[in-house]
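Structure first, then comments.
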Amino acid sequence: MSFPLHRYRRLRATEPLRALVRETMLAPSDFVAPLFVVPGENVRQPVPSMPGVDRTSPDLAAEEAKRLAGLGVLSVILFGIPDAKDARGSSSADPEGPVCRAVRAIKSESPKTVVMTDVCLCEYTDHGHCGVLADRTVDNDATLPILVDEALAHAHAGADVIAPSDMMDGRVAAIRAGLDGAGFPSVPILAYAAKYASGFYGPFREAAESTPSFGDRRAYQMDPANVREAVKEVLSDVEEGADIVMVKPALSYLDVVRAAKEATNVPIAAYNVSGEYAMVKAAAQNGWIDGKRVTLEILTSIRRAGADLILTYHAREAAEWLGRL
Ligand code: PBG
136 MSFPLHRYRR LRATEPLRAL VRETMLAPSD FVAPLFVVPG ENVRQPVPSM PGVDRTSPDL
196 AAEEAKRLAG LGVLSVILFG IPDAKDARGS SSADPEGPVC RAVRAIKSES PKTVVMTDVC
256 LCEYTDHGHC GVLADRTVDN DATLPILVDE ALAHAHAGAD VIAPSDMMDG RVAAIRAGLD
316 GAGFPSVPIL AYAAKYASGF YGPFREAAES TPSFGDRRAY QMDPANVREA VKEVLSDVEE
376 GADIVMVKPA LSYLDVVRAA KEATNVPIAA YNVSGEYAMV KAAAQNGWID GKRVTLEILT
436 SIRRAGADLI LTYHAREAAE WLGRL
């Protein structure tokens, strides 16, 4: 019944026709740009495995946030690299730490920017795990109050969204209660709900100095083989009060993004992680792929799978490309 009555090529003939029937849109306002912040002033340190990504001091992070806002990228997420680390990750709640200083700097330089902060201990512990240890594994319940303190420090500094990424059980409920109790009932939580124990985080760990000194994160991050478990994680984070839930990484987990989208009606975020970025940059630098084309295709595919917002290191260049289309 189809051919020759139907000819699908009719609607593919010209760009205006293709634009009319396009199902998935990509806009700079969909992107959240990750920023790595270090102590000091006027500091810029390129991350070798992530061409185009720098670690910067809070003042330069504020300039970058302003430049991004000018391109339509209105959200950033901050990761801090502190001067001091200890077994409990105490510096994670330091109001003078790089994240809190960057929150204040960005909010004064670019008030419209939605400033999200990653809440986790791996950048702040001397052993590099995402919580405090007991018997060489992470003690879930003992970690929760430390995460709450970190979230409260960020909220006091002026963070607009709190994003816990540690994968402890019960941390969304604990942080929600902490925020509500401290007078921040309107600060939303973006939960890294389905975060997998992934090889794709390699370049991030170089940038954030957060590689575990022993073992790995498989006792708290999810098994890459599981999707039904991801739905369980998503639903319980929503039940605990998460306003947005995230799937991470994005590309090898597009089925998980789709499953999360169908399981709940809160907005879905996906994290186009460091290893995904590094692969595209490396291949493009070698002339093996067209970097711009592949990047926009990847970002579109993440949106098509069901993500409403995308955390991506491509945010600035993609916004520039979209502005020039
Ligand atoms: C943990 C955290 C990680 C990433 C974001 N938050 C690393 C990890 O779990 O080891 C990875 C992001 C990326 O690879 O781009 N604070």
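Okay, so the sequence shown: first residue is 136 according to this note's numbering, each after it adds one.
Positions of the beta carbon are idealized from the N, C-alpha and C atoms, including for glycine.
Thinking just about the alpha-carbon of each residue, which of the options is nearest to the one in residue i?
i, options, result
"threonine 191", "Pro233, Arg271, Arg393, Met381", "Pro233"
"alanine 360", "Pro299, Lys330, Gly293", "Lys330"
"leucine 209", "Arg179, Met251, Asp194", "Met251"
"glycine 337", "Glu375, Ser184, Thr399", "Ser184"
"histidine 289", "Thr260, Asp351, Ile212, Cys265", "Ile212"
"glutamate 340", "Val408, Gly187, Met302", "Here residue 340 is arginine; the residue named in the question, glutamate, does not match the sequence. If we check each option's Cα against that of arginine 340, Val408 comes out closest."
"aspartate 165", "Thr248, Lys220, Glu231", "Thr248"
"cysteine 255", "Ala204, Glu411, Leu287, Pro246", "Leu287"
"alanine 326", "Gly410, Tyr143, Thr399, Ala298", "Ala298"
"aspartate 295", "Glu432, Lys427, Phe138, Phe319", "Phe319"
"histidine 449", "Asn177, Arg459, Gly224, Leu203", "Leu203"
"phenylalanine 214", "Ala343, Gly422, Thr399, Val415", "Ala343"
"glycine 410", "Ala398, Ser387, Glu452, Thr260", "Ser387"
"glycine 224", "Val283, Glu176, Asn177, Gly207", "Val283"
"aspartate 315", "Ala269, Ser300, Arg352, Glu375", "Glu375"
How far does the beta strand (DSSP E) with residue i in it extend, from its first residue to its last?
i, result
"threonine 252", "249-254"
"leucine 444", "444-447"
"phenylalanine 166", "166-172"
"lysine 190", "A small fix is needed here, since residue 190 is arginine in this sequence, not lysine. Run containing arginine 190: 189-191, per the beta strand (DSSP E) assignment."
"isoleucine 216", "Counting along the chain, isoleucine 216 falls outside any beta strand (DSSP E), and DSSP gives it neither H nor E."
"isoleucine 297", "296-299"
"valine 380", "379-383"
"alanine 329", "325-330"
Going by beta carbon distance, what residues of the same chain come within less than 7 angstroms of residue i, once the five residues before and after it are set aside?
i, result
"serine 345", "Cys257, Glu258, Gly263"
"tyrosine 406", "Met381, Lys383, Pro384, Ala385, Leu446"
"proline 193", "Val172, Pro233, Arg236, Ala237, Ala240"
"aspartate 390", "Val362"
"aspartate 189", "Arg179, Gln180, Pro181, Val182"
Please return the same chain residues whose Cβ sits closer than 8 angstroms to the Cβ of residue i, not counting the five positions on each side in sequence.
i, result
"aspartate 147", "It should be noted that the sequence gives arginine, not aspartate, for residue 147. Cβ within range, chain order: Arg153."
"alanine 395", "Ala328, Ala329, Ala365, Val366, Val369, Val380, Val382, Ile403, Gly441"
"valine 273", "His264, Cys265, Gly266, Val267, Met303, Ala354, Tyr355"
"serine 358", "A small correction: the amino acid at residue 358 is aspartate; serine does not occupy that position in the sequence shown. Excluding sequence neighbours, aspartate 358 sits near Tyr331, Ala332, Glu364."
"valine 392", "Val382, Ala385, Ile403, Ala405, Ile437, Ala440, Gly441, Ala442"
Looking at the unbroken alpha helix (DSSP H) that takes in residue i, where does it start and where does it end?
i, result
"isoleucine 437", "426-440"
"asparagine 361", "Element bounds for asparagine 361: n/a, residue is neither H nor E."
"lysine 416", "409-420"
"glycine 313", "306-316"
"proline 181", "No alpha helix (DSSP H) contains proline 181, which is instead part of the beta strand (DSSP E) from 179-181."
"arginine 153", "150-155"
"glycine 108", "Because the chain spans 136 through 460 in this model, residue 108 falls outside it and cannot be assessed."
What residues in its chain sit with their C-beta under 6 angstroms from that of residue i, if we drop five residues either side in the sequence?
i, result
"aspartate 378", "Pro323, Ile324"
"glutamate 244", "Ala197, Lys201"
"aspartate 443", "Pro402, Ile403"
"serine 348", "His262, Gly263"
"proline 221", "It should be pointed out that residue 221 corresponds to aspartate in this sequence rather than to proline. Once the five neighbours on either side are set aside, the close Cβ partners of aspartate 221 are Asp261."
Within the 8 angstroms Cβ cut-off, does residue i reach chain C?
i, result
"alanine 413", "Given the protein chain composition of this structure (a single chain), no chain C is represented."
Three or more beta-carbon pairs under 8 angstroms between the stretch 273-293 and the stretch 305-321, yes or no?
A contact is defined here as three or more CB-CB pairs under 8 angstroms, and the stretch 273-293 meets this definition with respect to the stretch 305-321.
Count the CB pairs spanning the stretch 433-444 and the stretch 152-168 that are closer than 8 angstroms, and state whether there are at least three.
With a cut-off of 8 angstroms on Cβ pairs, the stretch 433-444 is in contact with the stretch 152-168, counting three or more such pairs.
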